[in-house]
Amino acid sequence: MKLVAPLNAFGRGDLALAGGKGANLGELVKNGFPVPGGFVVTTAAYDLVADGHDTRTYFENVEIPPDLREAITGAYAELGGGPVAVRSSATAEDLPGAAFAGQQDTYLNIVGAEAVVDAVRRCWGSLWTERAVAYREKRGVDAAEVRIAVVVQRMVQSEAAGVLFTANPVTGDRTQIVVDASSGLGEAVVSGLVTPDHYVLDASGRVASFTPGRREVVIRGTAGGGVVHETGDPATGEALPRAALAELARLASEVAARFGRPQDIEWAYAGGRVSLVQARPMTALPPAPVGPLNPVQRKVGSVLLEYLPVRPYPIDMTTWLPYGPAGMMAEVAAAFGIKGVFEDFLQEEDGVVYRLVPRSPRVTAGLLAIPFRLVRRARRYDPARWTEDPRFQTFLAANRELAARDLASMSWPELIRVPRQALDLVRPVTDLRTDYLPGTGLALLRLLVAVKLLRRGALFGELMTGARTRTSDANQALEELAEEAWATGALDADPMPSGFAAKLRDFLAEYGHRETVSPILVTPPTWGEAPEIVLGTIRVLAAKPPTPVTAATTADGAATDRAAAEASGAFERLLRHPLLGAGRRRARVVRWVEAARAGHAFREDSHFYFTLPLPILRRSLLEIGARLRDAAVLQRPEDVFHLRLEELESIKDLARSDECLDGLRAAVRQRAAKREELSGVRLIDPRAIFPVRDAGDAIVTGTPAGGGSATGPVKVIRDPAEFGSLTSGDVLVCPYTNPSWTPLFQRAAAVVVDTGSAASHAAIVAREYGIPAVMGTAGGTSTLVDGQVVTVDGDAGTVVIAHLSGDADPAGSGGDAVAPVSDDGVGTVTAAS
């Protein structure tokens with residue numbers, strides 16, 4: 041194997057020998073791109089010298105074997121001697137998600153054979169700096185598998201140099217090229233020593249925008265080797281002529297096409313000629329803009345963003361996403377003649393979910409027959425009696441049987457079948473939803489039309505809060521736990537009082553399958569797996585003495601909680617309508633209200649039961665992950681989330697080490713690195729779904745979701761682990777919500793959410809609790825700051841800085857008086873007019 045070879049001896053397939061930088065430059069040289077001549081000191085040479093050592097100190101002192109020294113100095117002589125650039129080229133540089141930019145060393149303007157040999161040795165040593173080691177550890181790159189080559193190229197004494205991106209790194213726009221340029225060597229731009237000239241170009245090189253730089257420093261090579269830093273002159277004008285920009289744009293498009301993905305390119309300009317000195321894949325690149333979305337796409341997108349607050353893993357994409365609630369919604373919609381709404385909305389790159397694109401529904405020919413099917417199903421399937429359906433009872437029994445099985449005692453063939461068995465459990469609930477939703481929809485529509493005709497449309501939402509649901513049961517149970525915690529100090533006792541602990545165990549046994557983050561993902565923990573989240577919620581509810589609630593009863597005499605008491609008041613106001621005196625008309629409206637509430641409860645409760653298989657699926661995957669860890673395939677059981685279900689099912693025997701297991705190890709490492717790269721990249725720009733609108737002095741705007749207005753201090757809660765930091769009277773600002781968040785609404789003054797709409801779960805529950813809600817703000821969590829006192833207007837969809845000096849109408853709420861925040865930080869809520 042060659043120890044030293046010219047650049048044109050390598051291509052993209054030679055990563056293991058030439059490292060990422062060397063392999064990419066070799067590919068460019070082979071295809072005629074303007075790359076300065078050079079050679080590669082290969083990883084074979086590194087192995088020869090390293091001899092198993094992995095410290096920087098070792099390489100600073102090691103002697104290079106005579107044959108290798110002769111090969112390096114000979115290749116340098118063939119270049120013609122003179123100044124060269126010596127750059128590290130590690131084998132890990134081509135991993136998806138790990139650019140390794142700046143992690144190993146570069147030495148510029150090196151002159152003389154001995155200086156070149158010394159620079160090569162120092163490049164090898166830079167593989168083992170604390171910086172480089174920490175970078176690899178963070179991305180899960182096995183140190184034993186990393187080796188380093190060194191690229192030596194003729195030095196370009198550039199008049200101007202810099203970096204270009206073949207796609208816009210901020211917006212993700214693949215039709216734009218971004219160039220940063222400054223005078224002298226490109227190191228000033230790469231290392232961030234200067235504010236460069238900043239160009240945004242189209243593919244033809246036309247300048248779309250230009251921002252001049254400041255040239256704080258200019259780096260130049262010296263005649264005897266090395267570089268000097270000079271003070272720059274910002275008045276010297278642009279660094280590049282327009283012809284050079286056009287050439288950079290042409291080369292950018294061709295390089296990106298050659299490598300099949302957007303590239304990060306270092307370049308130099310001298311004597312009217314552009315040279316390329318480095319090319320690597322762009323990392324952390326946002327998805328390309330989705331373009332204008334139609335109203336239906338924005339509506340679908342608002343639902344999807346609420347369901348996907350975190351990036352799905354490959355195991356999500358092949359288990360709970362296609363078979364859980366999202367898959368169910370797709371099947372139900374298809375049964376009613378609408379396809380494509382919840383299908384293929386996530387795109388993957390390098391095996392990792394990269395982008396969310398809301399789809400437009402496709403209407404099938406069968407849609408014409410849907411009204412007849414809806415009426416037939418609505419007559420046959422009464423939502424008030426859905427739990428009596430034999431399919432529901434069969435589902436519960438099958439779920440109990442699978443949940444009771446001992447996963448740890450199973451053989452591998454038995455265990456690997458459990459995920460599919462758990463997914464098969466959800467089929468009956470999908471069928472139940474298909475059959476009972478028509479009755480739900482017709483009951484809700486009938487009542488809505490009735491109250492509109494009676495000019496009592498504003499009562500519709502309050503009437504629905506009278507429906508008893510499993511979510512309201514859970515919230516009531518949390519309130520009871522909070523009352524006991526407040527009375528006994530159970531949350532601060534160590535150990536926790538046995539009575540309270542027993543009630544907490546009972547609560548988790550009943551409700552522990554509920555999701556903490558998303559109902560359509562299997563990877564986040566459930567309540568039962570993360571009891572600290574439940575305890576955080578109880579702590580919020582127990583922060584103040586419990587507020588007595590006047591009991592109320594529904595038409596059938598059942599006792600209700602506070603929300604139901606308010607619903608009862610709405611019910612009574614409806615029945616006092618002059619047209620609803622005693623008689624059949626009044627009785628009919630009572631039946632309609634009860635039917636609509638039953639439909640509302642069915643929609644909520646069927647979701648509650650639908651997620652019963654979720655912890656079974658999750659436990660089986662983690663048990664699989666634990667066994668793969670024990671077989672040295674994974675480092676942690678949770679790393680199984682980086683694999684797809686079909687990949688796991690392809691493992692026939694864990695005792696055998698074969699190419700299948702080796703491939704899975706590599707896939708996990710690469711996907712983990714890619715996921716780390718994308719950690720700060722959004723699946724879609726929320727502004728595409730929730731366009732920003734001008735609302736005067738509002739600092740945040742969104743969709744009005746009702747509830748009047750309220751003033752209080754901001755508390756940003758980004759995930760359920762932070763529930764315990766909310767205090768009574770805070771304005772809850774969060775990126776998303778689901779049923780796990782709703783207990784917080786009992787103490788929050790208002791809620792402001794990045795995602796969602798007026799019909800989303802958070803908005804409905806907020807209206808039930810009578811607190812203002814603003815949904816779909818796109819950036820509330822990034823704009824509002826903890827402790828900032830704001831007024832939230834749920835009717836206008838605005839958040840403004842509160843006026844605490846007694847100014848009139850601080851919220852712009854049409855005259856409602858809003859009291860300032862009291863000394864204890866508790867905000868005041870005013871009812872909607």
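With the sequence shown counted from 1, adding 40 to any position gets you the working numbering.
Glycine residues also receive a C-beta, built at the ideal position from the N, C-alpha and C atoms.
On a predicted model such as this, the values are computed, not experimentally measured, just so you know.
- For residue 755, the enclosing beta strand (DSSP E) starts and ends at 749-756.
- By the beta-carbon neighbour count (other beta carbons within 10 angstroms, threshold 16), residue 250 is exposed.
- Collapsing the DSSP output to three states places residue 233 in coil.
- The alpha-carbon separation between residue 455 and residue 665 amounts to approximately 11 Å.
- 7 Å or more divides the Cβ of residue 644 from the Cβ of residue 563.
- When DSSP states are grouped into helix, strand and coil, residue 43 belongs to the coil group.
- In this structure, residue 743 sits near residue 815, with a CB-CB distance shorter than 7 Å.
- When DSSP states are grouped into helix, strand and coil, residue 105 belongs to the coil group.
- With a cut-off of 8 Å on Cβ pairs, the segment 744-761 is not in contact with the segment 312-325, counting fewer than three such pairs.
- Under the rule that a run must span 3 or more residues, the beta strand (DSSP E) segments found entirely inside the segment 187-233 read 188-194, 200-205 and 217-223.
- Taking one beta carbon from each stretch, the segment 792-802 and the segment 698-711 have fewer than 3 pairs nearer than 8 Å; the two do not touch.
- Here residue 238 is bridged, per DSSP, to 220 and 251.
- A straight-line Cα-Cα distance of about 14 Å links residue 430 and residue 473.
- Taking a contact as a CB-CB distance under 8 Å, the pair residue 258 and residue 228 counts as one, their CB atoms being some 7 Å apart.
- The C-alpha of residue 327 is placed about 47 Å away from the C-alpha of residue 428.
- Taking a contact to require three or more Cβ pairs closer than 8 Å, the segment 44-64 and the segment 73-80 qualify as touching.
- Spanning the alpha carbons of residue 807 and residue 501 requires a straight line of approximately 7 Å.
- Under the DSSP assignment, residue 79 falls in the beta strand (DSSP E) whose first and last residues are 78-81.
- Measuring C-alpha to C-alpha distances from residue 376 to each of 475, 439 and 400 identifies 475 as the nearest.
- Under the criterion of beta carbons closer than 8 Å, residue 637 and residue 506 qualify as touching, at roughly 6 Å.
- Counting along the chain, residue 477 sits inside the alpha helix (DSSP H) bounded by residues 467-493.
- Nearest in C-alpha terms to residue 732, of all of 772, 838 and 676, is 838.
- Looking at the DSSP output, residue 815 shares a beta bridge with 743.
- With fewer than 16 neighbouring CB atoms inside 10 Å of its own CB, residue 93 falls in the exposed class.
- Here DSSP, grouped into helix, strand and coil, assigns residue 421 to coil.
- Within the segment 672-731, the complete alpha helix (DSSP H) segments of 4 residues or longer fall at 685-689 and 699-717, listed in chain order.
- In the DSSP annotation of this structure, the continuous segment of the beta strand (DSSP E) that includes residue 261 starts and ends at 257-261.
- Here the C-alpha atom of residue 630 lies approximately 17 Å from the C-alpha atom of residue 498.
- Pairing residue 764 with residue 88, the inter-Cα distance amounts to about 57 Å.
- Between residue 773 and residue 831, the CB-CB gap reaches or exceeds 7 Å.
- Here residue 632 carries a helix assignment [DSSP, helix/strand/coil].
- In this structure, residue 266 keeps its C-beta atom at 7 Å or more from the C-beta atom of residue 197.
- Beta-bridge partners assigned by DSSP to residue 433: none are found.
- Non-local C-beta neighbours of residue 480 in its own chain, meaning closer than 7 Å and more than five positions away in sequence, comprise 423, 639, 642 and 643, ordered along the chain.
- The shortest C-alpha to C-alpha distance from residue 252 to any of 242, 269 and 273 is the one to 273.
- Spanning the alpha carbons of residue 105 and residue 90 requires a straight line of approximately 11 Å.
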